[in-house]
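Student: I'd like to ask some things about the structure below.
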């Protein structure tokens, strides 16, 4: 007995769900890579290049690079219908399930990084 019946794959609504999931994974991967590039300062406008990068933000940027590469690879694997694409897709699903606690942790890291370095963000120190 198979986990998914094969005749289900040929239904139009199932194909539509697969396409939506693949596009979602690819877009999420590219957005994560773009966010990490902004955090690393590669896409930062010249006006914002005055401050030094924060070490806490760099941890988040590295995490976004890993997630972005994972999502893009999973999306490509799902498009090509490969076995490694399915495995990476399952891993991407697991990271999506961890998004709420992970996002909360990243928000706290960035909040305390900004609080610690208020002078770099336009706020007066001690206010």
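Numbering (the numbering used here), first residue to last: 1 to 127. Even for Gly, the Cβ is constructed at its ideal location relative to N, Cα and C.
#1: CB-CB under 8 Å to residue 86, same chain, minus the five flanking residues each way: which ones, in chain order?
#2: So residue 73 and residue 63 are in contact, right, with Cβ under 8 Å, and what is the actual spacing, rounded?
#3: Roughly how many angstroms separate the alpha carbons of residue 113 and residue 35, rounded to a whole number?
#4: How long is the line joining the alpha carbons of residue 13 and residue 94, rounded to whole angstroms?
#5: Measure the beta-carbon distance from residue 71 to residue 105 and round it to whole angstroms, keeping in mind my assumption that it falls under 8 Å.
#6: Hey, residue 26 and residue 75 are a contact pair by Cβ (cut 8 Å); roughly how many whole angstroms apart?
#7: Can you tell me whether residue 11 is helix, strand or coil according to DSSP?
#8: Could you give the first and the last residue of the continuous alpha helix (DSSP H) run that contains residue 95?
#9: What does a CB cutoff of less than 6 Å around residue 84 pick up in its chain, not counting 5 residues either side in sequence?
#10: If you count every other CB in all the chains shown that lies within 10 Å of the CB of residue 107, and 16 or more means buried, which is it?
#11: Give the secondary structure of residue 80 by DSSP, where H, G and I count as helix, E and B as strand, and everything else as coil.
Tutor: Based on what the coordinates show:
#1: Leaving aside the five residues that flank residue 86 on each side, the residues in its chain whose CB is nearer than 8 Å to its CB run, in chain order, 77 and 78.
#2: About 16 Å separates the two Cβ atoms, so there is no contact after all.
#3: Using only the alpha carbons, I get a separation of about 17 Å.
#4: Taking the Cα positions, residue 13 is about 23 Å away from residue 94.
#5: Actually they do not touch by this definition, with Cβ atoms about 19 Å apart.
#6: Yes, they are in contact, since the Cβ atoms of residue 26 and residue 75 sit about 4 Å apart, within 8 Å.
#7: In the structure shown, residue 11 adopts coil according to DSSP, grouped into three states.
#8: Where residue 95 is concerned, the enclosing alpha helix (DSSP H) starts and stops at 83-97.
#9: Counting only Cβ-Cβ distances below 6 Å, and skipping sequence neighbours, we find 77.
#10: By the neighbour-count rule (16 or more Cβ atoms within 10 Å), residue 107 is not buried but exposed.
#11: Reduced to three states, the DSSP call for residue 80 is coil.
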